[in-house]
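S.K.: Protein chains in written order, with my numbering: chain A, 1 to 276; chain B, 1 to 276.
Just so it is clear, CB atoms sit at the ideal spot from N, CA and C, and this is done for glycine as well.
Pasting a structure below so you can have a look.
Protein chains: 2
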Amino acid sequence: MWCEETFADRVRYGLRASRVVYEGRSAYQTIAIYETLQYGRVLALDGVFQTGERGEHFYHEMIAHPALCAAPSPERVLVIGGGDGGTAREVLRHPEVRSCVLVEIDGLVMEACREHLPLGRAAWRDPRLEVVLGDGVAYVREAPSSSFDVVIVDGSDPVGPSEGLFGEGFYRHCSRVLAGRGVFVTQSESPILDLELFLDIQRRLRAVFPRVTPLVGPAPLYGAEQWSWTLCTHGGDPLELDVSRAARVEPLLRYYHRDLHRASAVLSAELRRLLG
Amino acid sequence: MWCEETFADRVRYGLRASRVVYEGRSAYQTIAIYETLQYGRVLALDGVFQTGERGEHFYHEMIAHPALCAAPSPERVLVIGGGDGGTAREVLRHPEVRSCVLVEIDGLVMEACREHLPLGRAAWRDPRLEVVLGDGVAYVREAPSSSFDVVIVDGSDPVGPSEGLFGEGFYRHCSRVLAGRGVFVTQSESPILDLELFLDIQRRLRAVFPRVTPLVGPAPLYGAEQWSWTLCTHGGDPLELDVSRAARVEPLLRYYHRDLHRASAVLSAELRRLLG
């Protein structure tokens, strides 16, 4: 069988699968896990591929390590979304992290992933992880100011349950809960497959954060050719990283390393012009 | 209608098209040009997407400008393949280029592209371009030693008419026809979609050239997440570029620029380990 997703009725991306491992429907979305030949078990939400056993490390390493290596003291980490556990797994590789709060709106996604998609095994067992079942937008609205050193937004596309994770109001609260020298990062979609959406996210982030630095890189499973993750701070340079922290985590990783931190921030000539 | 290609019966990539602009069959392959919604007119050879009106600049800028900016004196350029004209167009942006010989095996590809896929319009009219209809493998076997400052191999995948463009014997002749301080570059497939093929190409190039430096970047239309182009020299560092030459061409480009030259050579942690 072929599992396919379609972008804007113009591009189609399909993975051959040997079977459906899990199918469910929550209050928020349909959830499916397929056994694919190319990427092993793959999670799809409302028919859109999210992550898979193989090929997921690009995305999860890039959403976690640049922020964690750029934050001067990444002790208190907040992850909004990320119910598959992959981002928490990467965050918890850093011994500086004392607590990682993961706020996922869809309990069924977490349940299905814990059972059938073993990305976050080590994370789910880590005593530093606190899982909150709830709405990330409400969570940051109610969280105390400056209560996190790193805030990570690991949501799906801005339709359905993740729509609120791309709003300026949400970003303002993220900025407020972020400590003065902290680092905020969000997945910021594909500058190639959907340039307008990428630029729109950049504009909203720039309206809130003094410093906004997009990183780009490959992310298999999205059929998008290039993905982006955007680092934001209250003024610090997110390309200044703690080299010894990066060096310590590098041997555990498959994509990210010190030199990629800066290389990922080198955008195309066209994006440079568009972003000024 | 959907035009689709399939990789190893595991991944499928499709583009919606409003019509078939051209269909033909040469002695070497089937040739089709579709009017797609996402990328405009798109060329497919034996059912595999090659290039398109939109999104082609990533590939063509990366196969041309890093080599041309790294070669000390890029006066005599050889392009093997590249019948769509996109690579020749990029090469001829450099005023240092006195001649560009394009050797394409399939006259019907060139004819169809000249008529229906306007990538190389400026190139086809440039008096510095010499088009040779013939086999690139035979051409380099017979060409005099040290007769080119830049050799560019712009072939399709290593099946069908392009198979010979990935052989060690062919690379040896490319090395021989390359001037002492010249730069050779070949498209070297996707390290993500087909890691084994990428590594195999690296091994063969390393058997021939003292210095082998792969660059990576996005290439829409291939559904591969990341593409690679590998620079080879007889010893010079292909990351040392002529900054003023790059600066002059940059305003004309959409992807490549000085900083990307080096940033593109920063590979994933995994590729670094595999390549040693």
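Just to confirm, are F278/A and L78/A a CB contact at a threshold of 7 Å?
M.R.: This structure cannot speak to residue 278/A, because chain A is shown only from 1 to 276.
S.K.: Indicate whether at least one CB of chain A lies closer than 7 Å to the CB of I33/B.
M.R.: Cβ-Cβ to chain A under 7 Å: no for I33/B.
S.K.: Counting C-beta neighbours from all protein chains within 10 Å, is the total for P218/A 16 or more, i.e. buried, or is it exposed?
M.R.: P218/A should be labelled buried.
S.K.: If we ignore side chains and look at the alpha-carbon of each, how far apart do T213/B and L231/B end up?
M.R.: About 5 Å.
S.K.: In chain order, what are the residue ranges of uninterrupted alpha helix (DSSP H) at least 4 long that sit wholly in the region 61-109 of chain A?
M.R.: The qualifying runs are 86-91.
S.K.: State the start and end residues of the unbroken alpha helix (DSSP H) segment that holds L195/A.
M.R.: Its alpha helix (DSSP H) spans residues L195 to V208.
S.K.: List the residues of chain A that Y255/B touches, going by C-beta distances under 8 Å, in chain order.
M.R.: The contacting residues are S268, A269 and E270.
S.K.: Work out the CA separation of L15/B and G160/B for me, nearest whole Å.
M.R.: One C-alpha to the other measures close to 23 Å.
S.K.: Measuring alpha carbon to alpha carbon, tell me which of E130/A, E250/A, A67/A and P220/A ends up nearest L178/A.
M.R.: The shortest Cα separation from L178/A among E130/A, E250/A, A67/A and P220/A belongs to A67/A.
S.K.: Whole angstroms is fine: what's the gap from H57/B's alpha carbon to W229/A's?
M.R.: Their backbone Cα atoms lie some 23 Å apart in a straight line.
S.K.: Who are the neighbours of P220/A on chain B, taking C-beta pairs under 7 Å?
M.R.: By Cβ distance, chain B contributes I192 and E225.
S.K.: The alpha helix (DSSP H) with D259/B in it runs from where to where?
M.R.: Counting along the chain, the alpha helix (DSSP H) containing D259/B begins and ends at R258 to A263.
S.K.: Starting from V21/B, follow its DSSP beta bridges and name the residues at the other end.
M.R.: DSSP, once it has assigned bridges, lists no residue as partnering V21/B.
S.K.: Would you kindly report the start and end of the unbroken alpha helix (DSSP H) that includes F170/A?
M.R.: Looking at the DSSP string, the run of the alpha helix (DSSP H) that includes F170/A is E168 to V177.
S.K.: So the candidates are W227/A, E250/A, R262/A and L221/A; which of them puts its Cα closest to the Cα of L45/A?
M.R.: Residue L221/A is the option with its Cα nearest to L45/A.
S.K.: In terms of alpha-carbon separation, which member of L260/A, A265/A, A247/A and Y34/A lies closest to F49/A?
M.R.: Answer by Cα proximity: Y34/A.
S.K.: Between L37/B and chain A, is any beta-carbon pair separated by less than 7 Å?
M.R.: It does: the Cβ of L37/B has a partner Cβ on chain A nearer than 7 Å.
S.K.: For the region 214-270 of chain B, which segments carrying the alpha helix (DSSP H) assignment without a break, of at least 4 residues, lie completely within its bounds, in sequence order?
M.R.: If we require 4 residues or more, the alpha helix (DSSP H) runs fully inside the region 214-270 of chain B come out as 243-249 and 258-263.
S.K.: Evaluate G278/A with the Cβ neighbour count: other Cβ atoms within 10 Å of its Cβ, from every protein chain shown; 16 or more gives buried, anything less gives exposed.
M.R.: No statement about residue 278/A is possible, as the shown extent of chain A runs from 1 to 276 and does not include it.
S.K.: What first and last residue would you give for the alpha helix (DSSP H) that runs through E163/B?
M.R.: From DSSP, E163/B is part of no alpha helix (DSSP H); its letter is neither H nor E.
S.K.: Strictly below 8 Å CB to CB, what residues from chain A border G155/B?
M.R.: Result: empty, since nearest Cβ-Cβ is about 21 Å, beyond 8 Å.
S.K.: Report the partner residues of I192/A according to the DSSP bridge assignment.
M.R.: Answer is none; I192/A lacks a bridge partner.
S.K.: Along the chain, where does the alpha helix (DSSP H) containing E130/A start, and where does it finish?
M.R.: From DSSP, E130/A is part of no alpha helix (DSSP H) but of the beta strand (DSSP E) over L129 to L133.
S.K.: Determine, using beta carbons only, whether D237/A comes closer than 7 Å to chain B.
M.R.: Answer no: the Cβ-Cβ gap between D237/A and chain B never drops below 7 Å.
S.K.: Would P191/B and L271/B qualify as a contact pair, given that the criterion is a beta-carbon distance under 7 Å?
M.R.: For P191/B and L271/B, yes; Cβs fall inside 7 Å.
S.K.: Taking C-beta to C-beta, are Y39/B and G55/B nearer than 7 Å?
M.R.: Result yes, Cβ atoms of Y39/B and G55/B sit closer than 7 Å.
S.K.: Distance, Cα to Cα, L197/A vs V91/B?
M.R.: Roughly 33 Å separates the two Cα atoms.
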